[in-house]
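Working notes, structure below.
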Amino acid sequence: MLTVTATEASRRFSDLLDAIEAGETIVITRGNRSIAEIGPARRRTGVDLRAVLVGTAPPDDAFEADIAEAVGHLAVDEGDPWAAA
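Residues 68 to 152 (our numbering) are what the sequence shown spells out, left to right.
If you want it as structure tokens, here you go:
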């Protein structure tokens with residue numbers, strides 16, 4: 068894990084992004100205190116979603132009707148917002 072000051076991170080941001088892309092985690096400090104940790108972004112997949120939803124009950128019979136009712140409350144402006152421009 069690489070540790071850099073906020074000033075150094077600002078000056079070397081592109082280099083730090085290259086290191087993060089290569090798998091490195093960077094700790095940013097300010098005044099000798101760690102204030103941020105930046106690491107590679109995780110790619111999210113359907114497997115992640117399935118893991119989160121394990122044990123969640125499926126929607127009940129009223130779910131579809133609730134969604135339709137909510138959509139019915141949306142204001143729809145079918146006019147062209149650029150017509151007067």
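C-beta atoms are modelled at their ideal positions from N, C-alpha and C, and glycine is treated no differently.
Because the structure is a prediction, the values reported are computed rather than measured.
Local conformation of residue i per DSSP, three classes
i	result
residue 89	coil
residue 121	coil
residue 138	helix
residue 110	coil
Burial state of residue i (16 or more Cβ within 10 Å)
i	result
residue 73	exposed
Interface flag, residue i vs chain C, CB-CB below 7 Å
i	result
residue 77	No chain C appears in the structure shown, which is made up of a single protein chain.
Distance CB(residue i)-CB(residue j) smaller than 7 Å
i	j	result
residue 76	residue 83	yes
residue 94	residue 123	no
Rounded distance between the beta-carbons of residue j and residue i, thought under 8 Å
i	j	result
residue 102	residue 92	Residue 102 to residue 92, Cβ: 14 Å. No contact.
residue 107	residue 134	At roughly 36 Å, the Cβ-Cβ gap does not stay under 8 Å, so residue 107 and residue 134 are not in contact.
Residue i: CB within 6 Å of a non-hydrogen atom of the ligand MN
i	result
residue 144	For the ligand MN, the structure offers nothing, since it holds no ligand at all.
First through last residue of the alpha helix (DSSP H) which encompasses residue i
i	result
residue 78	73-78
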